[in-house]
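Asker:
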Amino acid sequence: MATPSRKSSTPGTVASKRALPRDPSSEVPSKRKSSAPPAPPPPLPSSRPFVEGSIVRIVMENFLTYDICEVSPGPHLNMIIGANGTGKSSIVCAICLGLAGKPAFMGRADKVGFFVKRGCSKGMVEIELFRTSGNLIITREIDVAKNQSSWFINKKSTTQKVVEEQVAALNIQVGNLCQFLPQDKVGEFAKLSKIELLEATEKSIGPPEMHRYHCELKNFREKEKQLETSCKEKTEYLEKMIQRNERYKQDVERFYERKRHLDLIEMLEAKRPWVEYENVRQEYEEVKLARDRVKEEVRKLKEGQIPMTRRIEEIERQRHTLEARIKEKATDIKETSQKCKQKQDIIERKDKQIEELQQALTVKQNEEHDRQRRISNTRKMIEDLQNELKTTENCENLQPQIDAITNDLRRVQDEKALCEGEVIDKRGEKESLEKERKSVGDNIVRFDNLMNQKEDKLRQRYRDTYDAVLWLRNNRDKFKQRVCEPIMLTINMKDNKNAKYIENHISSNDLRAFVFESQEDMEIFLKEIRDNKKLRVNAVIAPKSSYADKAPSRSLNELKPYGFFSYLRELFDAPDPVMSFLCCHYHIHEVPVGTERTRERIERVIQETRLKQMYTAEEKYVVKTSFYSNKVISSNTSLKVAQFLTVTVDLEQRRHLEEQLKEINRKLQAVEAGLIALCERNKHLEHKDNELRQKKKELLERKTKKRQLEQKISSKLGSLKLMEQDTCNLEEEERKASTKIKEINVQKAKLVTELTNFVKICTSLHIQKVDLILQNTTVISEKNKLESDYMAASSQLRITEQHFIELDESRQRLLQKCKELMKRARQVCNLGAEQTVPQEYQTAFQDLPNTLDEIDALLTEERSRASCFTGLNPTVVEEYTKREEEIEQLTEELKIKKVELDKYRENISQVKERWLNPLKELVEKINEKFSNFFSSMQCAGEVDLHTENEEDYDKYGIRIRVKFRSSTQLHELTPHHQSGGERSVSTMLYLMALQELNRCPFRVVDEINQGMDPINERRVFEMVVNTACKENTSQYFFITPKLLQNLPYSEKMTVLFVYNGPHMLEPNRWNLKAFQRRRRRITFTQPSQ
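When you line the sequence shown up against numbering that gives the first Met the number 0, it's residues 0 to 1088, in that order.
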């Protein structure tokens, strides 16, 4: 329970949690412990000099720390004192929430339900405000479940908006830090910017219209800026438009000049069809007259051809009669000629019979002569063969030679077969070796492809390292000791699934590092690669003493019960320098690899094995021991997927394959050498075999030659006998042929006589036919002459008719052309079929040339002139005209904007005068009060109106500058420059400076003296008492958990003590008046004792 008390009056009651007040003598500061008689009873609260809107009463129910409590503050300074946690700030929260403030204003919670006492479903705050027309009682009931509030004014339900309007009407601003400064917002006051401080000061102590004028000025200034920007932009745009139109003005003039030429061209092109039409019409009339003249000539020529036609027809009849007689004679001649031909054919046949008889006789004569010649030749051949037979030697002794050669030949063929068998075996062996070499080569290529895959990954990820590998392979002779390619290329995983452990254990920088055994070699390499080639590569040196075979500190069998199956070193193969480097720097011989079983019992593994690093199926564990607490700290990370080491290349197997390939090549060379030797031997045997065969053939031929000669002689003798038996009687044959020829000649003479008679008849017929032909020729000659004359006349007629046709076609063409030209001319002039040429065209046409040549010449000239105006775009003129209209429109808009801008500037000037002058006076008063307060503390302080630009009304602010030591300069109050106590003093004194000027009904400051030193706290307290207890000042709430001793107090102060604890009285049993009477009795009785 809290007990508010004043020095000479009976205070109102403040009820709190169940609390029992201590000895009343401890409830009053030491200053009030005097032996003076008690003061008379204080007046009723209604008679106190409260200002409009001051708080008369505060009631809290189930609110924060209170079950039920009622506070009755005084009209001036109300000092609320209590230990931390007793509920002082709860009263501040009740004032804020009860006057429609937001929970965020206190900085404690963002929901109103959090302010209800824990365990209660509802809470209530009631504030009674002083008002001359009748006090205003505002009640707020808070529902925790709904986090909502119910509002009442004078016990009548209302809305929050109505409450806010009533509170604002009394100029109460619980969100303004210059009026309401809760405990959790004290630090924020110093963080207020100059602009925010000015706004809060205006709302707190300025006239109601001051902040409104300020807002209006900011709005006017913003609109003024917008108008200035708009006017500037429009002016600039207008100037650009005018300049652009000036630039295009000459182009527009040239465009219109070109248009005049084009208009003249258009008029010339309009007249030209009419001139063409007139020219074609005149030509049409001329062609029509010529056509009529030619038509008359055609008529006369046709009349002159009629007598000539009749004579030609008469001669044609004579010619037909003569040709009929000639045909008759020709028929007779033909028949006689056929008879002559028949007789001639018979004579020719008789001649042919004689010739055949003569030929048959000649053939028989030739056959007889040939038979005699063949008989002679055969006899001579038999004689030659008999002579050769006599000279042929005896060949019986050749058989032993033939048998010896046959044996030699058989022996050579056996050797040859044996050699060919060996060749076949060698070739089979060669094919087998070639197949084996191809298989081994394919395996090496497969290994190389796998190696290429690793190199491709290296090239894609680390191109510089890949280029360095290529350089190393071509320059290994430059190094004294062994140089290993990047570790990722030399490592060969025994099982691909274990690659993730190695890649997660070895850093990527070392995976792509070259391994050297010599420092000198590494320096040569880095100088060439890094300095000369500018490649970014890594290089490491293997330890001088090898670590590759170093044994682990504990056997793997000891770790197998925990699920470990191998150390990292046993998972892959690598050259000795690489393995030594990894064992030395990455301790791969000491890091075991486990399974999922290891992960399941990882805590036990860490505690029992004391391993520093280990791997499970998917995680890496690192175990460390704290240097300070000796505690074991483990961390685990998930394993990343392997990228480089998944390709496995068994280098030992590849070396074995290369050695195997060399052995196969050596065997192949040996086989090929043997095969060549066998081929040479086989070639020699083949040659020997051919020689023996040739010798055997010659001996066999010599052995069979005598038998052949005897057979030939026998054959020839048979042929000779046959030829001698086939004889012929030539004399008899000649006599028979002569008799037959004589008989044929008699028949032939008779036929010649008959032929002579037919020839005479045929000759007579030919003479008659020739006479008729001569007569017909005379007639034809006459006819031809007539036809020639007729043809000449006809030709002239055809020419004349053709000329007529051409003239007629020309007339029709010209007529059609006239119609087309008339139509085109009317279309050019936009005339209908019945319309006449307008007067304007006729007038214009009179000034133009009347001939096509002149029109074309003038058209060419005008077109040339028009073509001189190049680069002209019709859109330029359109844009020029459009810009002219836009310039006019912009000029008008700019004029309106400037008028509007002048109006705004006039408004700004008026409002500024009404706002700035009172504000300066107000700030000057604040500065005067503030400076006096600081002077009284032997410090310096200053408040001024600060702005960088007088026209930027949103940048105006109040600047507080303070100096707490004589050796320093005035510094602006900021959250960083001054200490916490200095900021608290400055904040308190600024609020004190506002106190006498303040038009707000009350001010709340919660625990602002906590950061002050005792001297400043005492000085500030004196100022607060002196300022807040003056007449006509607003109500002031000063909350603090403690006070210094021997502080000055005023009769107008109201001191409210807040107590709590398990032995407090119930609120309904608390009687403050009885406690005061008891206290007075104790005070009176003490002196007598």
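Note that the Cβ used here is the ideal one computed from N, Cα and C, for glycine as well. This structure is a prediction, so every number in the text was calculated from the model and none was measured.
What are the start and end residues of the beta strand (DSSP E) that includes T594?
Answerer: No beta strand (DSSP E) holds T594; DSSP gives it neither H nor E.
Asker: Would you mind working out which of E891, N783 and E950 sits nearest I311, comparing C-alpha positions?
Answerer: N783
Asker: Could you check where the alpha helix (DSSP H) with V769 kicks off and where it finishes?
Answerer: L729 to V827
Asker: May I ask you to report which of helix, strand or coil DSSP gives S229?
Answerer: helix
Asker: Identify every run of the alpha helix (DSSP H) within the region 528-593, keeping only runs that are complete inside it and at least 4 residues long; order them along the chain.
Answerer: 555-558 and 575-585
Asker: Might you give, ordered along the chain, the residues of its own chain that have their beta carbon closer than 6 Å to the beta carbon of I663, omitting 5 neighbours on each side?
Answerer: L432, E435 and R436
Asker: Quick check: does the Cβ of M936 come within less than 7 Å of any heavy atom belonging to the ligand ATP?
Answerer: Only the bare structure without any ligand can be found here, which leaves the ligand ATP out of the picture.
Asker: If you draw a straight line from the alpha carbon of R1079 to that of L1071, how long is it in whole angstroms?
Answerer: 12 Å
Asker: What would DSSP say about R117, mapped onto helix, strand or coil?
Answerer: coil
Asker: Nearest to C68 by CA position, among H75, K720 and E125, is which residue?
Answerer: E125
Asker: Residue ranges of each beta strand (DSSP E) run of no fewer than 3 residues wholly in the region 1027-1063, ordered along the chain?
Answerer: 1034-1039 and 1053-1057
Asker: First and last residue of the alpha helix (DSSP H) that includes K349?
Answerer: I305 to T390
Asker: Are L388 and L708 closer than 8 Å when you measure CB to CB?
Answerer: A contact, by the Cβ cut-off of 8 Å.
Asker: Kindly identify the DSSP beta-bridge partner or partners of S149.
Answerer: E140
Asker: Which residue or residues does DSSP assign as beta-bridge partners of T636?
Answerer: K619
Asker: Roughly how many angstroms lie between the CA atoms of R904 and K231, to the nearest whole one?
Answerer: 16 Å
Asker: State yes or no: is the C-beta of F515 within less than 8 Å of the C-beta of A538?
Answerer: Contact flag set, yes.
Asker: Decide if P485 is buried, meaning its Cβ has at least 16 other Cβ atoms within 10 Å, or exposed.
Answerer: Burial call: buried.
Asker: Between the Cα of V942 and those of E730, L197, E127 and N406, spot the shortest distance and give me the residue it belongs to.
Answerer: L197
Asker: Please list the terminal residues of the continuous beta strand (DSSP E) segment that includes T157.
Answerer: K155 to T157
Asker: So, are the CB atoms of Y1048 and F1001 less than 8 Å apart?
Answerer: Result no, Cβ atoms of Y1048 and F1001 do not sit closer than 8 Å.
Asker: Considering only C-alpha positions, which residue in the set V111, D402 and Y955 is nearest to K694?
Answerer: D402
Asker: Buried or exposed: which applies to N1015, given that a residue is buried once 16 or more other Cβ atoms fall within 10 Å of its Cβ?
Answerer: buried
Asker: Along the chain, where does the alpha helix (DSSP H) containing L96 start, and where does it finish?
Answerer: K87 to G97
Asker: Near S89, what residues of its chain come up, given a Cβ to Cβ distance below 8 Å and the 5 sequence neighbours on each side ignored?
Answerer: M59, F62, L63, T64 and Y65
Asker: Let's see if you can read the secondary structure: which residues bound the beta strand (DSSP E) around A939?
Answerer: A939 to H945
Asker: Among F49, E421 and I305, which one has its Cα closest to the Cα of Y789?
Answerer: Looking at F49, E421 and I305, the one whose alpha-carbon comes closest to that of Y789 is I305.
Asker: Determine the extent of the alpha helix (DSSP H) in which V604 is found, giving its start and end residues.
Answerer: I601 to T608
Asker: Which whole-angstrom value is the C-beta distance of T157 and F151, which I expect to be below 8 Å?
Answerer: 6 Å
Asker: For the candidate residues I264, D424, G118 and P551, whose alpha-carbon lies nearest to that of P848?
Answerer: I264
Asker: Going by DSSP, what residues sit across from L76 in a beta bridge?
Answerer: Y1035
Asker: Please work out which residues of its chain come closer than 8 Å, Cβ to Cβ, to I854, disregarding the five sequence neighbours upstream and downstream, and give them in chain order.
Answerer: L267, K270, R271, V274, L847 and P848
Asker: Less than 8 Å between the CB atoms is what I'm expecting for Y952 and K217, so what's the real figure, rounded?
Answerer: 5 Å
Asker: Flag this pair as touching only if the region 325-338 and the region 760-771 have three or more C-beta atom pairs under 8 Å; answer yes or no.
Answerer: yes
Asker: Please classify K1089 as buried or exposed, where buried requires at least 16 other C-beta atoms within 10 Å of its C-beta.
Answerer: No answer is possible for residue 1089: the residues shown for the chain start at 0 and end at 1088.
Asker: Nearest by alpha-carbon distance to L384: which of R324, K224 and S713 is it?
Answerer: S713
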